[in-house]
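These notes concern the structure reproduced below.
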Amino acid sequence: MAGGLMAATFVGLAAVLVLNLVVCGRCATVYTVGESNGWSTGVDYSTWTSDKTFAVGDTLVFKYGGGFHTVDEVGSTDYASCTTGNALTSDTTGSTSITLKTAGTHYFICGTPGHCGQGMKLAVTVAAGGGGGSTASPASPNTTGGTPTTPAVGTPGTPSLTTPTAVAGAYSTAAMVSPSAGAFISAVVAILVFALS
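Numbering (mature numbering (1 follows the signal peptide of the UniProt record, and there is no 0)), first residue to last: -27 to -1, 1 to 170.
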């Protein structure tokens, strides 16, 4: 009897693990750009991105002094040359949330004169699909372009700029399931497996 219970428990735990992988896969991640430093001059965003992998559905949250800094999404040429005034999208609210909706490289700079040249620029390479991928590309002040440009404003898949009401609820892709939902489903399956064994 003990062997049967142990086998049923093992099968149940394996089922829970498989269900978690199927339901959640790779759940969306919310990244606060620059973490405690936020979106500011004097931050090395190349280092900040170096250990991160971005995927479609992830959200970037920029925190900064509203009215003093901006978050401008730009093309690769404007990113490389720190050219302001040609932003695809721009926000000045002080807390900008951008859901990464398309794979490829997305470029962000501060539109305040001189700030991009002082390092306020971020290039994020987004992997296709919901799991894994390449890490972000370097965002050093003297980077030259050569990577694809971001779609023009109004085209499908352009990341949207919105002010977040709750960062914890920033999972905006309908196909993504929050970690708490995955945990709930896992608990229900575990209880059912235990009850049936």
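The C-beta atom is built at its ideal place from N, Cα and C for all residues, glycine as well. On a predicted model such as this, the values are computed, not experimentally measured, just so you know.
- Task: Give the range of the alpha helix (DSSP H) segment to which T22 is assigned.
- Result: From DSSP, the alpha helix (DSSP H) with T22 extends over 18 to 22.
Notebook entry, point to check: Exposed or buried, A1, counting other C-beta atoms within 10 Å across all chains shown (16 or more means buried)?
Noted result: A1 is buried by the Cβ-count criterion.
> Expressed to the nearest angstrom, what Euclidean distance is found between the alpha-carbon atoms of G77 and N59?
Replying inline: In this structure, the alpha-carbon of G77 lies about 20 Å from that of N59.
Margin query: Give me the DSSP bridge partner(s) of H42.
Written below: Note: H42 sits in a beta bridge opposite G39.
* Name the DSSP bridge partner or partners of T62? -> In the DSSP assignment, T62 forms a beta bridge with E46.
Ignore the nearest five residues each way along the sequence and tell me which others in L33's own chain have a CB closer than 6 Å to its CB. In its chain, beyond the 5 residues on either side, Y4, V6, I71 have a beta carbon closer than 6 Å to the beta carbon of L33.
Distance between G40 and D24 (C-alpha atoms, nearest Å): Distance between the alpha carbons of D24 and G40 is about 30 Å.
Check: Three-state secondary structure (DSSP) at G77?
Finding: Under the three-state reduction of DSSP, G77 is assigned to strand.
_S13 (DSSP reduced to helix, strand or coil)_ = Correct three-state label for S13: coil.
(message) If contact is defined by three or more beta carbon pairs under 8 Å, each pair taking one atom from either stretch, is the stretch 9 to 16 in contact with the stretch 50 to 57?
(response) Short answer: they don't touch.
**Residue range of the unbroken beta strand (DSSP E) whose run includes A96** = It spans 94 to 100 - the beta strand (DSSP E) in which A96 sits, taken as one unbroken run.
In angstroms with no decimal places, state the Cα-to-Cα distance between T75 and T56.
One Cα belongs to T75, the other to T56, and the distance between them is close to 23 Å.
Query - Cα-Cα separation, M93 to D45 - result: Cα to Cα, M93 sits roughly 10 Å from D45.
Item to complete: Pick helix, strand or coil for A28, following the three-state DSSP scheme.
Response: In the structure shown, A28 sits in a strand (DSSP, three-state: E or B).
Requested in this report: Answer yes or no: do T43 and C83 have a C-beta to C-beta separation smaller than 8 Å?
Outcome: Yes. Within cutoff.
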